[in-house]
Structure formats: C-alpha cells, structure tokens
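Numbering (our numbering), first residue to last: 7 to 128.
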C-alpha cells in the first residue's frame, strides 16, 4: 500500500491563530440493507468528528455508535456529544500549554467553532 501511494498525501496549511474547531457528522443506520439484515450492527449509526487547531487536524474518530439512534437528528446529536467529550480536554490542554509557555491568544481565537450539518441537532 505504501509503495503504491507514495505520491499521495495531505497538504497541511496551518494558520497562525490557535483557533479550535470541531466538525461532527453522523450516518444514520448506514449499514441497513448493506449487510445481513439480522445483524444488530446493521442498524447502528456511525459517528465521525475531527478537531482542528489552526486548521491542522489534532484528533479525529469514525466509529459505530454504542446506542441505536431513532432518527437522523438523534444520530447527529450523539455524534455532537461524542465529539464534545473529546473537545473539552483538548481545549483544557491548549489553555494549559498557552499558560505555561506564556503564549498569548487573541480573544477571537479563544472562541471554539463547532460545525454540524443537521439543523435539528443544533
């Protein structure tokens, strides 16, 4: 795999501001009618989120939800909740590092943006 994809990669273009952002999404019952219909995993939704600092990915995840969502909005809300549980410690760690190393952040960069594409979940 690595040999065949040597020319592939990600281009990171970080910004100088230390802005945290989180993007969350869910795929409601994404395996339904794709896998065996009697498999209980086929009705589980998938959570995905990515947390960036200055436009550079810091942490991300994509996994099946542990509970069965009853609607698209419910699946999206679970994805937001899961991502926020990861975002809070990242924010605290960033604040600690800035404090210890005397890094000054602009007030504008201290606002965390959370992106979600389901209006009902907001």
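Cβ coordinates follow ideal geometry from the N, Cα and C atoms, glycine included.
Reference residue i, options the options, closest by Cα
i: residue 94; options: 54, 81, 110 and 27; result: 27
i: residue 91; options: 75, 80 and 120; result: 120
i: residue 68; options: 50, 77 and 18; result: 50
i: residue 62; options: 19, 35, 70 and 34; result: 19
Whole-Å CB distance - residue i paired with residue j, under 8 Å assumed
i: residue 84; j: residue 65; result: Incorrect: roughly 18 Å between the Cβ atoms, too far for contact.
i: residue 100; j: residue 59; result: 7 Å
i: residue 56; j: residue 96; result: Between residue 96 and residue 56 the Cβ distance is about 11 Å, and since that is not below 8 Å, they are no contact.
Sub-8 Å separation of residue i and residue j beta-carbons
i: residue 105; j: residue 24; result: no
i: residue 112; j: residue 32; result: no
i: residue 127; j: residue 89; result: no
i: residue 21; j: residue 37; result: no
i: residue 124; j: residue 78; result: yes
i: residue 107; j: residue 75; result: no
First through last residue of the beta strand (DSSP E) which encompasses residue i
i: residue 122; result: 119-122
Secondary structure, beta strand (DSSP E): runs of 3+ residues fully inside the stretch 20-105 | 26-33, 52-59 and 62-70
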